Amino acid sequence: MKPWVIALAALSVLLSGCASYTVKSNVTAFHEWPAAAPEKTYVFERTKEQNDSLEYRNYENLVRGELARLGFKEASTSQAPWLKAMLDYRISVRDVREIYPVAVGPSWPGPYWGPYWRGRYYRGYYPYYDPFWYGPPIIEQREANYQVFTRQLHVLLSQAANGKRLYEVTVVSEGGNGNLAAIMPYMVRSAFSDFPGKSGVPHVVELKMEEPAGNDAAAPVAQGAPAASAAAQQ
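Letter by letter, the sequence shown follows residues -21 to -1, 1 to 213 of mature numbering (1 follows the signal peptide of the UniProt record, and there is no 0).
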């Protein structure tokens, strides 16, 4: 086997092993946070449906962890809290169809791993690379179909005594992962990443995914071509 073939294969394995994926979230927070906050205690306020939901309890624990990181303490039953915390979430999906051009055929000078790869360059040594050796490429139209999931999280902190809203944040994230439980930890972290931050100023938070969450990139399925040939960025 040619040394350059071995080197190319090794490089492909190295690049695939180093690939990392992120969850990108659009975060917008509005707040009237006091300069000097009193004792930072809070309780969760839940709807009846949330109180009966095991999924909700899991996401509530994520918010509880972020509040603890910021120095908040959950009030005991005998203690009057300063804040009440509420959260809501949802997920939706839409189908995406893309038409894009692809260069195919023996004229394509790039690394096309098909029968034409076993042509003149493969069978013998050629002293230089000529991109015009086979003439102009053949352009075909390909179709890719995939799904994009929109995940949303809304967290509200308000004064327990009078209901005045102090911090309200909305997190919107899109990607190919429809498992909300796998993405929610990153969305909750994004919600409090710059607490309280600048009121009304949207910003983007990108967090590297950890196993077993895996890839959040949308996965196109191209008609007439392998799925891996059409890449979608998160």
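Glycine residues also receive a C-beta, built at the ideal position from the N, C-alpha and C atoms. Since we're looking at a predicted model, the values are computed, not measured.
Item	Value
For M166, the first and last residue of its enclosing alpha helix (DSSP H)	L159 to A170
One or two residues paired with Y79 in a DSSP bridge	R121
Selection from E153, F171 and H182 that minimises the alpha carbon distance to T129	E153
P13 burial status per 10 Å Cβ neighbour count (16 or more: buried)	exposed
Residue of Q131, R144 and Y79 minimising C-alpha distance to I118	Y79
Assigned exposure category for S4 - 16 Cβ within 10 Å defines buried	buried
V42 in three-state terms, based on DSSP	helix
Rounded distance between the beta-carbons of M65 and residue 218, thought under 8 angstroms	No information on residue 218 is available, as it lies outside the stretch -21 to 213 that the chain covers here.
Exposed unless 16 or more other CB atoms sit within 10 angstroms - verdict on V180	exposed
Where L49 falls, given that 16 or more other Cβ within 10 Å makes a residue buried	exposed
R144 versus E185, E11 and L159, residue with shortest Cα-Cα distance	E11
Rounded straight-line distance, which links the Cα of A8 to that of G176	8 angstroms
Between the CA atoms of Y35 and Q29 - distance to the nearest angstrom	6 angstroms
Separation of Q120 from A70, as counted between CA atoms	It is worth fixing the name first, because residue 70 is Ile in this sequence and not Ala. Using only the alpha carbons, I get a separation of about 32 angstroms.
Within 7 angstroms, strictly: CB atoms of H133 and D195	no
Segment limits, beta strand (DSSP E) that includes K3	T1 to H10
Bridge-paired residues (DSSP) for A64	F23 and L136
Other residues of its chain near T20: CB distance less than 6 angstroms, five sequence neighbours each side excluded	K52, A54, P60 and W61
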